[in-house]
Amino acid sequence: MRTLTTLDDLRLELDAARLSGRSIGLVPTMGALHEGHLSLVDRSVAENGVTVVTIFVNPTQFRPGEDLEAYPRQLQDDIALASERGADIVFAPPVHEIYPDGYSTTVSVVGITETLCGAPERRGHEHFDGVTTVVAKLFNMVQADRAYFGQKDAQQVAVIRRMATDLNFRTKVIACPTVREADGLALSSRNAYLTAEERPRALALSKALRSVAGALSDGQRDVATLSAIARDELSVTDSVEYFEIVDPDTLEPVSTIERPVLAVTAARVGKTRLIDNFLLEPHATAVTTPTNPNPTPQAAHLQG
Ligand code: AMP
Numbered sequence: 077m078r079t080l081t082t083l084d085d086l087r088l089e090l091d092a093a094r095l096s097g098r099s100i101g102l103v104p105t106m107g108a109l110h111e112g113h114l115s116l117v118d119r120s121v122a123e124n125g126v127t128v129v130t131i132f133v134n135p136t137q138f139r140p141g142e143d144l145e146a147y148p149r150q151l152q153d154d155i156a157l158a159s160e161r162g163a164d165i166v167f168a169p170p171v172h173e174i175y176p177d178g179y180s181t182t183v184s185v186v187g188i189t190e191t192l193c194g195a196p197e198r199r200g201h202e203h204f205d206g207v208t209t210v211v212a213k214l215f216n217m218v219q220a221d222r223a224y225f226g227q228k229d230a231q232q233v234a235v236i237r238r239m240a241t242d243l244n245f246r247t248k249v250i251a252c253p254t255v256r257e258a259d260g261l262a263l264s265s266r267n268a269y270l271t272a273e274e275r276p277r278a279l280a281l282s283k284a285l286r287s288v289a290g291a292l293s294d295g296q297r298d299v300a301t302l303s304a305i306a307r308d309e310l311s312v313t314d315s316v317e318y319f320e321i322v323d324p325d326t327l328e329p330v331s332t333i334e335r336p337v338l339a340v341t342a343a344r345v346g347k348t349r350l351i352d353n354f355l356l357e358p359h360a361t362a363v364t365t366p367t368n369p370n371p372t373p374q375a376a377h378l379q380g
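Taking the working numbering as reference, the numbering of the sequence shown is continuous, increasing by one, and the terminal residue is 380.
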């Protein structure tokens, strides 16, 4: 496996791969790799001749109050993990390689970036601008056949799909199921911030989603009732940013569940902001079972 830090070196490697007819898979990450990230690497390795894992702590997607400097960084461990899982290239550029002096372009998706994690009071639209700008740049740099993202960040997947469609990127966006701890907590680099007292309370998000899935499978389709069930579970967190049941593509709220929907939540436990979601179907139990560390894939239309 090669570790590269410049775009010139990356292009040389990838041009050679393309000439030899190999397909290219891209797995964008901010590092501190865990089994969630590595599940994306596994899928890319299974589906492509060459897998590029990018490790870049993108300064433009940090929210106000989020500490960029404190974000976990463990490049040597990440390189070892990516290599063990069969990645061919780790691209870990310094900030000036991505945003050189004079850099002035932002890629901005409107609409679906202004709700949920993007709500104006969270200045979340700026966060998504940071995400779409860096992902657009990585799509251009790598020109992958396929790029892999986690359904854990469901809104991010919807926003990136929109961007890729709107800007005619050839890279196919593929969403992969959320990987969880055995007790249901969705894996996240930010879980490292949780104290021993906070860790059990962090379970409230997946418990709330599981309770909603259970009530739905018992026949309850009214979103107001389901939201009350969720908010009851979420009351052990320090603050609930949102719990909503929305259309998986448009992220528009629904009032009754007649077709597949996304139940999404964000809450703070201590200083840590956590997010989670389940895809729910009216005629079945939840597609993701939080106690299952290897959940079955979510609905096909979210799989890319
Ligand atoms: P990040 O390093 O947090 O930017 O995440 C990089 C990619 O890994 C994103 O596409 C995330 O959605 C994905 N990811 C993060 N956590 C998980 C998880 N628990 N299961 C599956 N994918 C994940």
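Think of the CB as a built atom: it goes at the ideal place given N, C-alpha and C, for glycine as much as any other residue. Bear in mind that the values here come from a model prediction, so they are computed numbers and not experimental data.
Cutoff 8 Å; reference residue i; Cβ partners in own chain excluding five residues on either side
{"i": "Lys347", "result": "Tyr269"}
{"i": "Thr81", "result": "Phe167, Ala168, Pro169, Pro170, Glu173"}
{"i": "Met77", "result": "Ile155, Ala158, Ser159, Ala163, Asp164, Ile165, Val166"}
{"i": "Thr181", "result": "Thr209"}
{"i": "Met239", "result": "Val183, Val185, Thr208, Val211, Ala212, Phe245"}
{"i": "Ala122", "result": "none"}
{"i": "Val203", "result": "Reading off the sequence, residue 203 comes out as His, not Val. So the qualifying residues of the chain are Gln137, Phe138, Arg139, Cys193, Gly194."}
{"i": "Glu334", "result": "Arg297, Pro358"}
{"i": "Val299", "result": "Ile321, Pro329, Val330, Ser331, Thr332, Ile333"}
{"i": "Asn353", "result": "Gln227, Lys228, Ala230, Thr254, Leu285, Leu338, Ala339, Val340, Thr341"}
{"i": "Arg199", "result": "Arg139, Pro140"}
{"i": "Ala375", "result": "At Ala375, the pLDDT of 34 sits below 50, so the modelled position is not reliable and the matter cannot be decided from this model."}
Proximity test, residue i beta-carbon vs ligand 1 heavy atom, cut-off 7 Å
{"i": "Phe225", "result": "yes"}
{"i": "Ala212", "result": "no"}
{"i": "Gln232", "result": "yes"}
{"i": "Met239", "result": "no"}
{"i": "Leu338", "result": "no"}
{"i": "Cys383", "result": "The requested residue 383 does not occur in the structure, where the chain is confined to residues 77 to 380."}
{"i": "Met106", "result": "yes"}
{"i": "His203", "result": "no"}
{"i": "Ala306", "result": "no"}
{"i": "Ser120", "result": "no"}
{"i": "His113", "result": "yes"}
{"i": "Lys283", "result": "no"}
{"i": "Thr136", "result": "no"}
{"i": "Ala268", "result": "no"}
{"i": "Thr247", "result": "no"}
{"i": "Leu151", "result": "no"}
{"i": "Leu263", "result": "yes"}
{"i": "Leu116", "result": "yes"}
{"i": "Val255", "result": "yes"}
{"i": "Asp229", "result": "yes"}
8 Å contact criterion, which residue i and residue j should meet: CB distance rounded
{"i": "Thr127", "j": "Gly178", "result": "Contact doesn't hold; Cβ gap of about 32 Å is too wide."}
{"i": "Val235", "j": "Gln227", "result": "Not really, about 13 Å apart at Cβ, beyond 8 Å."}
7 Å CB neighbourhood of residue i in its chain, flanking five on each side removed
{"i": "Asn368", "result": "Low confidence applies to Asn368: its pLDDT is 41, below 50, so where it sits in the model is not reliable, and the reading given next is rough at best. The answer is none, since no qualifying residue turns up."}
{"i": "Phe245", "result": "Phe215"}
{"i": "Ala291", "result": "Leu302, Ile305"}
{"i": "Asn134", "result": "Met106, Gly206, Val210"}
{"i": "Asp85", "result": "none"}
{"i": "Ser96", "result": "none"}
{"i": "Val345", "result": "Leu270, Glu274, Arg277, Ala278, Thr313, Asp314"}
{"i": "Asp118", "result": "Arg161"}
{"i": "Thr241", "result": "none"}
{"i": "Asn124", "result": "Ser99, Ile100, Gly101, Asp221, Arg222"}
{"i": "His201", "result": "Thr189, Glu190, Gly194"}
Under 8 Å between C-beta atoms of residue i and residue j
{"i": "Ile188", "j": "Ala223", "result": "no"}
{"i": "Gly206", "j": "Thr130", "result": "no"}
{"i": "Pro336", "j": "Glu317", "result": "no"}
{"i": "Thr332", "j": "Arg297", "result": "yes"}
{"i": "Glu309", "j": "Ser293", "result": "no"}
{"i": "Thr247", "j": "Leu350", "result": "no"}
{"i": "Val218", "j": "Leu88", "result": "no"}
Residues near residue i by beta carbon distance below 6 Å, same chain, minus five either side
{"i": "Gln22", "result": "Since the first and last residues shown for the chain are 77 and 380, residue 22 lies out of range."}
{"i": "Asp221", "result": "Ser99, Ile100"}
{"i": "Val255", "result": "Glu111, Gly112, Ser115, Leu263"}
{"i": "Arg94", "result": "none"}
{"i": "Pro366", "result": "Since pLDDT at Pro366 reaches only 43, below the 50 mark, its modelled position is unreliable, and the value read off the structure follows with that caveat. Answer for Pro366: Arg256, Gly260, Ser282, Arg286, listed in chain order."}
{"i": "His377", "result": "Confidence in His377 is poor, its pLDDT being 32 and thus under 50, which makes the residue's placement too unreliable to answer from."}
{"i": "Ser120", "result": "Gly101, Val103, Thr127, Tyr224"}
Beta carbon proximity, residue i to chain D, threshold 8 Å
{"i": "Glu274", "result": "Looking for chain D here will not work: only one protein chain is present."}
### Query
Should the stretch 281-299 be called in touch with the stretch 339-353, which here means at least 3 C-beta pairs below 8 Å?
Segments in contact, yes.
### Task
Would you check if the stretch 316-335 and the stretch 256-273 touch, i.e. whether three or more CB-CB distances between them fall below 8 Å?
no
### Message
So, does the stretch 106-121 touch the stretch 143-151, judging by three or more C-beta pairs under 8 Å?
### Response
yes
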